[in-house]
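Numbering (numbering that gives the first Met the number 0), first residue to last: 0 to 120. Beneath this line is the structure, given in structure tokens, with notes to follow.
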Amino acid sequence: MSSWAIPKDTVGVWDPRGTTATCSAQGFFLTLSVAVPIYNAFLSLYYVLVINYRYSDTVLRRRVEPAMHAAAFVFAFGTALSSAWMGLINNANLWCWIAPYPAGCLDSRRYGEEGNCERGD
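The following block contains the structure:
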């Protein structure tokens with residue numbers, strides 16, 4: 000992942016070659032990658048439950064594991080899908096991720112009528 004997906008006309012970014020669609024796709028997958036640290040935390044919790052609290056294999060397999068997978072999946076996909084759908088994924092200088100467009104614009108939630116963001120508001 001690099002600046003190749005950032006739209007071509009972007010100033011101040013090294014070698015932008017993409018479009019808004021490539022930027023949105025890259026940002027979607029980067030946002031989806033938030034599942035990795037969530038799974039890492041759940042793996043740590045899993046070991047705590049097994050070693051410290053001696054949870055049985057049956058309880059872990061039937062109750063704990065499905066809840067962990069569901070939480071990681073729902074949060075990661077929910078964030079990625081809603082960000083892409085709402086147009087929140089834009090140039091974030093190094094790659095495309097959740098950012099306002101154009102960079103440095105004023106969002107309408109905070110600045111009301113003075114807000115001038117085109118996307119990511």
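We treat Cβ as the ideally placed atom computed from N, Cα and C, and that holds for glycine. Please read these numbers as outputs of a predicted model, since none were measured by experiment.
Let me know the secondary structure DSSP gives residue i once reduced to three states.
| i | result |
| --- | --- |
| Pro101 | coil |
| Arg118 | strand |
| Gly26 | helix |
| Trp96 | strand |
| Ile88 | strand |
| Pro36 | helix |
| Gly17 | strand |
Is the beta carbon of residue i sitting closer than 7 angstroms to the one on residue j?
| i | j | result |
| --- | --- | --- |
| Asn89 | Tyr100 | yes |
| Cys95 | Gln25 | yes |
| Ser23 | Ala83 | yes |
| Ala70 | Leu31 | no |
Who are the Cβ neighbours of residue i in its own chain at under 6 angstroms, not counting the five residues just before and after it?
| i | result |
| --- | --- |
| Val33 | Ala75 |
| His68 | none |
| Phe72 | none |
In whole angstroms, what is the alpha-carbon distance linking residue i and residue j?
| i | j | result |
| --- | --- | --- |
| Tyr38 | Pro15 | 32 angstroms |
| Asp56 | Tyr46 | 12 angstroms |
| Ser107 | Ala20 | 24 angstroms |
| Arg60 | Gly17 | 44 angstroms |
| Val10 | Ile97 | 18 angstroms |
| Ile5 | Ser43 | 36 angstroms |
| Ala40 | Val49 | 14 angstroms |
| Val12 | Pro65 | 42 angstroms |
Please look up how many angstroms separate the CB atoms of residue i and residue j, rounded, as I've assumed it's under 8 angstroms.
| i | j | result |
| --- | --- | --- |
| Gly119 | Gly86 | 6 angstroms |
| Val63 | Tyr54 | 7 angstroms |
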